[in-house]
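Structure first, commentary second.
In this note's numbering, the protein residues as written are 149 to 435.
If you want it as structure tokens, here you go:
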């Protein structure tokens, strides 16, 4: 398979690209590109992978990704059902740091945005609770003149620096792309775990997916995600458990078994380790 270097279509007379995604689901492969990406999710839910972070994405998440940060927004299973009426919508800017030029180095008034772009090597996010004046403007980016679009981009970056709820996503900083074969291995590993998390997966199973020995695979995973296989598998399972606790009527024990845990005590322990609270407290918090 070809390398997961995603080519963002460019316009010759523009220094950035505006894109509106309105489809049945988002692009489903772990990928990276040399452009920064600023995306407001208007519709859609699923699993967000940014570097070594695995989390949920939801409407009114605003995400900034630095150049070459591996990422994917994998929609929930029901988006792929033949009779599904669900859809996604997102508004994005793609741009290279070079469009901002020397002014960001020499102007004190803009240094906070330059610092934000450095932080974006980890990926950053704001979770808005609903529409607001900024998201309303982002939803109209196609109606704006190029100059107005650029001003909106700068205004949105400024807002990210001023919002205390802005969070770093990945523990690992990404600046330069790794070897294409490494990205292919990571994609294969993530796809296998996301598809089979409810089943028993051994280290030999997942090492075979990466075409590595178990020892080499553990080293590979540590280098690229700073996680062990068990940590990665538990994060995926708990992420799905959080969705079920929020959206389904299943009991905690039913959810534990459906997410691949053989006993409730282990599920409770792993859930608290990942989220910082036991399942029942999480359920109370989300209701």
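Backbone N, C-alpha and C fix where the C-beta goes; we use that ideal spot for every residue, glycine too.
Pair every Cβ in the segment 252-269 with every Cβ in the segment 284-296, then say whether three or more of these pairs are closer than 8 Å.
The segment 252-269 makes no contact with the segment 284-296, as fewer than three CB pairs between them are under 8 Å.
Residue 428 by DSSP, collapsed to three states: which one?
Looking at residue 428 - three-state DSSP - the assignment turns out to be helix.
So, with DSSP's three-state summary, where would you put residue 406?
Helix at residue 406.
Is the number of C-beta pairs between the segment 354-370 and the segment 416-424 that are closer than 8 Å three or more?
Judged by pairs of C-beta atoms under 8 Å, the segment 354-370 does not touch the segment 416-424, as fewer than three such pairs exist.
Quick check on the burial criterion: 16 or more other C-beta atoms within 10 angstroms. Buried or exposed for residue 218?
Classification of residue 218: buried, given that the 10 Å Cβ count is 16 or more.
To the nearest angstrom, how far is it from the Cα of residue 241 to the Cα of residue 401?
Note on geometry: alpha-carbon atoms of residue 241 and residue 401 lie some 42 Å from one another.
Starting from the C-beta of residue 347, find all residues in its chain whose C-beta is less than 8 Å away, skip the five residues before and the five after it, and write them out in chain order.
Closer than 8 Å at the Cβ level, and outside the excluded window around residue 347, lie 408.
Which stretch, first to last residue, makes up the alpha helix (DSSP H) that contains residue 167?
It is not in any alpha helix (DSSP H) - residue 167 instead sits in the beta strand (DSSP E) that spans 164-171.
Hey, would you say residue 316 sits closer than 9 Å to residue 271, going by beta carbons?
The answer is yes: Cβ separation under 9 Å.
Is there contact here, the segment 200-218 with the segment 177-187, by at least three beta-carbon pairs under 8 Å?
A contact exists between the segment 200-218 and the segment 177-187.
Please name the residue or residues paired with residue 299 in a DSSP beta bridge.
DSSP, once it has assigned bridges, lists no residue as partnering residue 299.
Based on Cα-Cα distance, which residue from 428, 410, 371, 374 lies nearest to residue 393?
Its Cα nearest to that of residue 393, the residue 428 stands out among 428, 410, 371, 374.
Classify residue 273 as helix, strand or coil using the three-state DSSP reduction.
Shown here, residue 273 sits in a strand according to DSSP, grouped into three states.
When burial is assigned at 16 or more other CB atoms within 10 Å of the CB, is residue 318 buried or exposed?
Buried is the call here.
If we ignore side chains and look at the alpha-carbon of each, how far apart do residue 353 and residue 375 end up?
Between residue 353 and residue 375, the alpha-carbon positions lie close to 17 Å from each other.
Integer Cβ distance of residue 210 from residue 188, believed to fall under 8 Å:
With a contact defined as Cβ atoms closer than 8 Å, residue 210 and residue 188 qualify at about 5 Å.
Nearest to residue 434 (by Cα), restricted to the options 395, 359, 172, 404:
Minimum Cα-Cα distance from residue 434 among the listed residues 395, 359, 172, 404 corresponds to 395.
Run through DSSP, which three-state label would residue 239 get?
When secondary structure is reduced to three states using DSSP, residue 239 falls in the strand class.
At which residues does the alpha helix (DSSP H) containing residue 190 begin and terminate?
In this chain, residue 190 is not harboured by any alpha helix (DSSP H); it is covered by the beta strand (DSSP E) spanning 184-191.
Helix, strand or coil at residue 357 [DSSP, three-state]:
Reduced to three states, the DSSP call for residue 357 is helix.
The beta strand (DSSP E) spanning residue 203 covers which residue range?
Looking at the DSSP string, the run of the beta strand (DSSP E) that includes residue 203 is 201-205.
Does the Cβ-Cβ distance between residue 322 and residue 192 come in under 9 Å?
The answer is no: Cβ separation not under 9 Å.
Using DSSP with H/G/I as helix, E/B as strand and the rest coil, what is residue 292?
If DSSP states are grouped into helix, strand and coil, residue 292 belongs with coil.
Measure the C-alpha to C-alpha separation of residue 310 and residue 201 and round it to an integer number of angstroms.
Between residue 310 and residue 201, the C-alpha separation is close to 23 Å.
So, under 8 Å CB-CB, residue 384 and residue 345 are touching, yes? Tell me the CB distance rounded to an integer number of Å.
The C-beta separation of residue 384 from residue 345 comes to about 5 Å, placing the pair in contact by the 8 Å criterion.
Among 411, 341, 389, 172, which has the Cα closest to the Cα of residue 380?
341 is the residue among 411, 341, 389, 172 whose C-alpha sits nearest the C-alpha of residue 380.
Secondary structure of residue 306, DSSP reduced to three states:
The three-state reading of DSSP puts residue 306 in helix, counting H, G and I together.
Does DSSP classify residue 365 as helix, strand or coil?
Assignment of residue 365 by DSSP, reduced to helix, strand and coil, places it in the helix class.
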